[in-house]
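**Q**
Numbering (full-length UniProt numbering), first residue to last: 1 to 434.
(1) Please state the DSSP three-state secondary structure of residue 390.
(2) To which residues of the same chain is residue 277 closer than 8 Å at the C-beta, ignoring the five residues directly before and after it?
(3) Of all the options 17, 45 and 48, which has the alpha carbon lying nearest to the alpha carbon of residue 37?
(4) Find out if the Cβ-Cβ distance for the pair residue 123, residue 134 is shorter than 9 Å.
(5) Hey, could you find the ends of the alpha helix (DSSP H) residue 130 is sitting in?
(6) How big is the Cα-Cα spacing for residue 390 and residue 376?
(7) Where does the unbroken beta strand (DSSP E) through residue 294 begin, and where does it stop?
(8) Start and end of the alpha helix (DSSP H) containing residue 211?
(9) Ignore the nearest five residues each way along the sequence and tell me which others in residue 286's own chain have a CB closer than 6 Å to its CB.
(10) Taking only three categories from DSSP, how would you classify residue 427?
(11) Spatial neighbours of residue 352 within its chain, please: CB distance less than 8 Å, with the 5 preceding and 5 following residues excluded, ordered by chain position.
(12) Between residue 290 and residue 169, what straight-line distance do the alpha-carbon atoms span, to the nearest angstrom?
(13) For residue 109, report the span of its alpha helix (DSSP H) as first-last.
(14) Which residues bound the alpha helix (DSSP H) around residue 25?
(15) Is residue 48 near residue 79, with beta carbons less than 9 Å apart?
(16) For residue 102, which of helix, strand or coil comes out of DSSP?
(17) I'd like to know if residue 323 contacts chain D, where contact means its C-beta is closer than 9 Å to some C-beta of that chain.
(18) Less than 7 Å between C-beta atoms, sequence neighbours within five positions excluded: which residues of the same chain meet that for residue 167?
(19) Go ahead and pull the three-state DSSP assignment for residue 177.
(20) Do you know offhand how far residue 245's Cα is from residue 221's?
(21) Helix, strand or coil, according to DSSP, for residue 412 in the structure here?
(22) When you compare the stretch 148-167 with the stretch 113-120, are there three or more beta-carbon pairs, one atom per stretch, that lie closer than 8 Å?
(23) Cα-Cα, which of 405, 281 and 108 is closest to residue 129?
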């Protein structure tokens with residue numbers, strides 16, 4: 001029998017081997033990323049010395065594009081691959097997703113870049129993850145950051161959410177300092193949305209601001225924004241608005257400006273320039289489908305006391321009851337109607353009134369049920385308001401409780417009447433186009 005010399009334990013794993021410390025496949029993959037063990041590919045980025053040690057198999061398992069790049073007929077055979085167009089921070093996060101199942105996005109900017117990479121490398125589950133994150137964190141102030149991506153990738157769910165934000169907060173979107181980041185195609189897509197602004201000047205100024213963000217001076221401005229001008233309803237402007245904001249800008253030549261001005265004044269037989277929209281209708285519309293609602297509910301649950309065993313008092317129509325007081329709102333809202341179960345007159349109807357801080361009536365209506373609809377929107381903003389009710393019937397016996405109510409960017413505070421033993425609430429149906 002031949003004698004074997006050397007290490008008889010060559011096939012016996014060492015107790016200190018890194019594999020012995022890792023129980024699950026996910027732990028092993030994570031260790032490979034952190035330690036660079038067994039790495040067979042280096043990702044480089046031009047104009048930077050940053051390098052990432054990775055494993056061809058992991059990349060190919062995660063993306064059909066990487067599989068073709070690394071194992072296909074035209075595969076990269078060298079030890080390095082350069083990702084010239086990919087942001088390094090986004091690539092690093094994508095690797096965390098591939099190796100460790102990372103799903104927590106650090107911020108919107110990284111998510112936008114990762115979303116674009118996920119589309120480029122055909123990683124559909126990651127695309128869905130990014131889309132969901134962006135939809136959940138979309139606001140009027142950051143919409144410009146992700147609108148390009150929504151248009152570029154034709155993400156219908158994200159575009160629908162963008163349209164909702166634009167519908168609710170058109171002024172905030174159009175006056176955002178980040179609007180200039182939009183590409184031309186994204187800006188056109190935005191301008192064809194229903195923009196419920198009070199003045200067409202807001203849209204004209206937004207387009208000019210976009211041009212300035214592209215580095216255009218007065219001489220280059222017209223050419224830069226010419227394709228957007230037909231989206232502006234110049235004829236919906238007042239004479240003063242057009243003379244004050246449009247004519248001094250130099251965007252229109254004298255003939256065009258004169259023709260549009262005469263058409264605003266409805267002078268007959270004056271042809272419009274080709275770049276001018278023929279629409280005169282104001283954009284601001286108080287449509288039912290644009291109504292939003294917010295419930296004003298007390299922040300505490302107040303228990304019944306032995307002192308007040310009855311849940312209500314009988315009141316007469318000449319006795320005005322406070323429904324809401326010290327109502328404040330951040331921004332301007334237009335109230336269309338309100339709903340409250342306490343509105344239940346025994347006979348006749350209830351008169352609901354909204355007053356400003358001086359006691360002036362700014363809106364009033366009558367109802368014989370739980371809902372009260374105003375004949376025209378009641379504008380609230382920049383003051384302190386109260387809502388009162390005058391009716392004959394049983395009124396909840398209680399006091400006033402503090403409330404804080406939010407609905408997207410809308411925030412309301414104040415005090416609302418409550419019944420002892422349960423929280424009171426009033427639901428406002430409103431429009432907001434801030």
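Backbone N, C-alpha and C fix where the C-beta goes; we use that ideal spot for every residue, glycine too. All values derive from a computational prediction rather than experimental measurement.
**A** Working from what's here:
(1) The sequence position of residue 390 within the chain shown is 390, counting from 1. Of the three classes helix, strand and coil, the one that applies to residue 390 here is strand, per DSSP.
(2) As a first step, residue 277 must be located in the chain shown, where it is residue number 277. The residues are 230, 231, 232, 233, 234 and 235.
(3) Residue 37 sits at position 37 when you count from the first residue of the chain shown. Considering only alpha carbons, the answer is 17.
(4) Position 123 of the chain shown holds residue 123. Position 134 of the chain shown holds residue 134. Cβ atoms of residue 123 and residue 134: not closer than 9 Å.
(5) Locating residue 130 in the chain shown gives position 130, where the first residue counts as 1. First-last of the alpha helix (DSSP H) with residue 130: 124-137.
(6) Your numbering for residue 390 matches position 390 in the chain shown. Your numbering for residue 376 matches position 376 in the chain shown. If you take the alpha carbons of residue 390 and residue 376, they lie about 20 Å apart.
(7) Locating residue 294 in the chain shown gives position 294, where the first residue counts as 1. Taken as a continuous stretch (DSSP letters only), the beta strand (DSSP E) holding residue 294 covers 292-297.
(8) Translated into positions along the chain shown, residue 211 becomes position 211. Where residue 211 is concerned, the enclosing alpha helix (DSSP H) stretches over 201-213.
(9) Within the chain shown, numbered from 1, the residue matching residue 286 stands at position 286. The residues are 377 and 431.
(10) On the chain shown, position 427 is the one that residue 427 refers to. In the displayed model, residue 427 falls within a strand according to three-state DSSP.
(11) Counting from one through the chain shown, the residue named residue 352 turns up at place 352. 323, 338, 343, 364, 365, 366, 367, 372, 387, 388 and 389.
(12) Sequence index remark: in the chain shown, residue 290 carries index 290 (1-based). Sequence index remark: in the chain shown, residue 169 carries index 169 (1-based). Roughly 11 Å between the two C-alpha positions.
(13) Walking along the chain shown from the start, residue 109 turns up at place 109. Per DSSP, residue 109 belongs to the alpha helix (DSSP H) from 108-120.
(14) Along the chain shown, one-based indexing puts residue 25 at 25. Segment 25-35, the alpha helix (DSSP H) holding residue 25.
(15) The residue you call residue 48 lines up with position 48 of the chain shown. The residue you call residue 79 lines up with position 79 of the chain shown. It is not a contact, given that the beta carbons lie outside the stated cut-off.
(16) Here residue 102 corresponds to residue number 102 of the chain shown, with the count starting at 1. Residue 102: coil per DSSP, three-state reduction.
(17) The structure shown contains no chain D; it holds only a single protein chain.
(18) Counting from one through the chain shown, the residue named residue 167 turns up at place 167. Same-chain partners within the cutoff: 194, 196 and 290.
(19) By 1-based counting over the chain shown, the position of residue 177 is 177. Note: residue 177 maps to coil in three-state DSSP.
(20) For the purposes of this step, residue 245 is taken as the residue at position 245 of the chain shown. For the purposes of this step, residue 221 is taken as the residue at position 221 of the chain shown. In a straight line, the C-alpha of residue 245 is about 15 Å away from that of residue 221.
(21) If you number the chain shown from 1, residue 412 lands on position 412. In the three-state scheme derived from DSSP, where H, G and I count as helix and E and B as strand, residue 412 is classed as strand.
(22) yes
(23) For this step, residue 129 is matched to residue 129 along the chain shown. Ranking the options by Cα distance to residue 129, first place goes to 108.
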